[in-house]
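Everything on this sheet refers to the single structure shown next.
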Amino acid sequence: MIVRVLKYSCKTKKLLYSILFFSILAMSSCKEQPKESESVEEVAAINYLEESTESFDERMRWWRDARFGMFIHWGPYSVPAGIYNGKEVNSTGEWIMNTAPIPISEYEEYAKQFDPQKFDAKKWARTMKEAGMKYMVITSKHHDGFALWDSKVSDYDIVDFSPYGQDILKALSEACKEEGIRFGVYHSIMDWHHPQAQGLNYPEYNTQDSLKMNSRFPEYYTNYLKPQVTELIENYDPEIIWFDGEWIHEYTHEMGQEMYQYLRELKPSVIINNRVDKGRQGMQGMNKEDDDYAGDFGTPEQEILEGAANVDWESCMTMNDTWGYKLNDHNWKSAEVLIHNLIDVASKGGNYLLNVGPTAEGEIPEPSLERLQEMGNWLRTNGEVVYGTEKLKAHFKQGDDIRFTKKREEQIIYAISLKAPKKDLVLKFVKPLEGSKIELIGSDIPLNYTYSEEEGLIINIPEDALRTTGNKYAWGFKINGVERTGK
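Per the numbering used here, residue 4 is the first one in the sequence shown, and the count goes up by one each step.
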């Protein structure tokens with residue numbers, strides 16, 4: 004269970020007292036100014052770690068309604084594309100520096116070759132919109148330490164270190180705003196490039212000196228990590244900060260709580276994942292229950308929760324087997340699998356963050372584009388079964404092939420069949436409102452149905468109805484009704 008609103012221990016209270024002095028400085032440059040009725044000092048004194056349920060629900064509303072977003076892993080690792088010294092590296096593309104392993108000075112040569120002349124921010128944003136995605140998260144800096152913006156804290160970035168010399172985040176944030184896509188950034192806490200953040204986390208420094216280098220991590224945290232994420236908020240106004248790499252020993256629970264409070268002071272409306280803190284339990288991504296942890300949503304990685312959850316969560320997943328681009332990874336999931344994943348996630352109350360790994364030239368691979376187009380085509384007709392929905396209280400599915408969602412704050416239930424239903428669709432857990440009609444989304448053919456407490460809801464499907472929807476992946480039935488909570 005992910006804990007969002009924290010109850011303070013004595014240790015945490017001391018920590019918060021020590022960080023409040025950041026507030027006035029942070030708010031003086033914040034894009035989100037306090038309301039006229041609130042002074043800067045009053046806003047600075049807000050304890051965001053004990054946010055009210057009402058405030059949290061209001062802040063998370065757009066994110067919950069969005070349901071579908073794009074993840075982008077992009078950086079110098081797209082240059083070797085999974086191949087080092089002529090051999091395939093046995094890891095995802097973005098981990099090649101660590102798993103090869105490649106010395107820092109040698110890896111920097113890839114950064115000097117990173118020149119994505121075919122990158123088109125507007126085209127990427129249009130691709131997201133046409134795919135039915137409502138938000139995006141891009142790697143501002145992955146574990147390799149290379150920044151995709153013009154950082155004033157470091158020259159190891161796309162403007163100062165790469166021949167490309169242009170600010171990718173600036174272009175993409177502006178393009179997303181034009182297309183109505185919410186802009187978010189991924190940022191790695193771990194850094195294989197920075198001398199104060201290496202130590203035991205990078206094989207090149209796994210020596211007796213590593214303990215000394217580990218002890219310098221607090222300097223990196225204060226003088227590099229925090230200033231960089233401050234730049235991201237102040238210059239690019241992201242609506243999501245998506246942390247990763249929090250598992251390293253040097254990063255502490257206290258740092259995570261302080262980071263969360265600090266960023267919310269800079270931008271109170273920003274949404275931050277649970278990897279800002281130390282609570283995540285492996286790839287399953289949800290928080291441990293033995294303590295209080297900061298973060299607004301859980302982050303299952305490459306998997307979907309087995310059942311519905313009563314907290315906010317987001318499944319991040321690749322289309323093939325890698326996050327960063329790998330030349331020889333052709334193990335693509337089908338459009339049908341991806342659409343079914345999205346439906347399954349939504350039925351369990353979660354969001355689906357689907358990854359693309361662009362090439363070094365700046366292009367989204369064609370197999371990714373093909374699948375995104377298919378998803379967008381399906382969502383243009385059937386999007387209402389996903390967007391603005393919530394899980395049912397007792398049942399997210401019936402059998403293996405039926406999922407349920409409910410339109411938020413309305414008596415409308417969607418039954419989504421993952422296989423083409425036969426002549427009759429029998430639903431055990433939905434009771435239609437008296438005198439209401441049932442629709443097959445995408446079809447104008449009327450549907451007849453019967454309902455009884457003994458047999459449930461039986462929807463009769465005319466022979467031509469499925470064909471008229473024009474889709475082949477999943478079929479949504481819109482029912483004015485309520486959930487039956489029995490077995």
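The beta-carbon is built from N, C-alpha and C at its ideal position, and this holds for glycine as well. Owing to the predicted nature of the structure, the values given are computational and were not obtained by experimental measurement.
Assumed close pair residue 454, residue 424 - CB separation to whole angstroms, cut-off 8 Å:
That pair is no contact at about 17 Å.
Please report the distance separating the alpha-carbon of residue 75 from that of residue 459.
44 Å
Is it buried or exposed for residue 199, if we count other Cβ within 10 angstroms and need 16 for buried?
buried
DSSP puts residue 247 in a beta bridge; with which residues?
191
Please report the straight-line C-alpha distance between residue 285 and residue 292, rounded to a whole angstrom.
14 Å
So, does the stretch 116 to 130 touch the stretch 350 to 369, judging by three or more C-beta pairs under 8 Å?
Short answer: they touch.
Give the straight-line distance between the Cα atoms of residue 81 and residue 88, rounded to the nearest whole angstrom.
15 Å
Nearest to residue 164 by CA position, among 438, 55, 115 and 145, is which residue?
115
How far does the alpha helix (DSSP H) with residue 379 in it reach, from first residue to last?
369 to 385
Pick helix, strand or coil for residue 443, following the three-state DSSP scheme.
strand
Do residue 194 and residue 146 have their C-beta atoms within less than 8 Å of each other?
yes
Measure from the alpha carbon of residue 53 to the alpha carbon of each residue in 326, 298 and 137, then state which is nearest.
It is 298 whose Cα lies nearest to the Cα of residue 53.
Check each candidate in 238, 277 and 173 and name the one with the smallest Cα separation from residue 192.
277
Is the CB-CB distance between residue 420 and residue 405 below 8 Å?
yes
Whole beta strand (DSSP E) runs in the stretch 126 to 185 with 3 or more residues, listed along the chain?
138 to 144
Starting from residue 221, follow the alpha helix (DSSP H) in both directions and report where the run begins and ends.
220 to 223
Just list the residues that DSSP pairs residue 337 with in beta bridges.
None, per the DSSP bridge assignment.
Residues in the same chain with beta-carbon distance under 7 Å from residue 230, minus the five sequence neighbours each way, listed in chain order, please.
156
In or out: residue 93 buried (at least 16 other Cβ within 10 Å) or exposed?
With fewer than 16 Cβ atoms within 10 Å of its Cβ, residue 93 is classed as exposed.
Residue from 390, 484 and 161 with nearest C-alpha to residue 432
484
Under DSSP, the alpha helix (DSSP H) around residue 59 begins and ends at which residues?
56 to 69
Which value, in whole angstroms, describes the spacing of the CA atoms of residue 408 and residue 153?
Approximately 43 Å, taken between the alpha carbons.
Look up residue 81 in the DSSP assignment and say whether it is helix, strand or coil.
Looking at residue 81 - three-state DSSP - the assignment turns out to be helix.
Beta-bridge pairing of residue 485 - partner residues as DSSP gives them:
Paired residues: 434.
Which of helix, strand or coil DSSP assigns to residue 464
Residue 464: coil per DSSP, three-state reduction.
Is it right to say residue 97 is buried, meaning 16 or more other beta carbons lie within 10 angstroms of its own, or is it exposed?
buried
To the nearest angstrom, report how far apart residue 149 and residue 313 are at their CA atoms.
37 Å
If distances are taken between C-alpha atoms only, which option among 196, 227, 109 and 245 comes closest to residue 73?
If we check each option's Cα against that of residue 73, 245 comes out closest.
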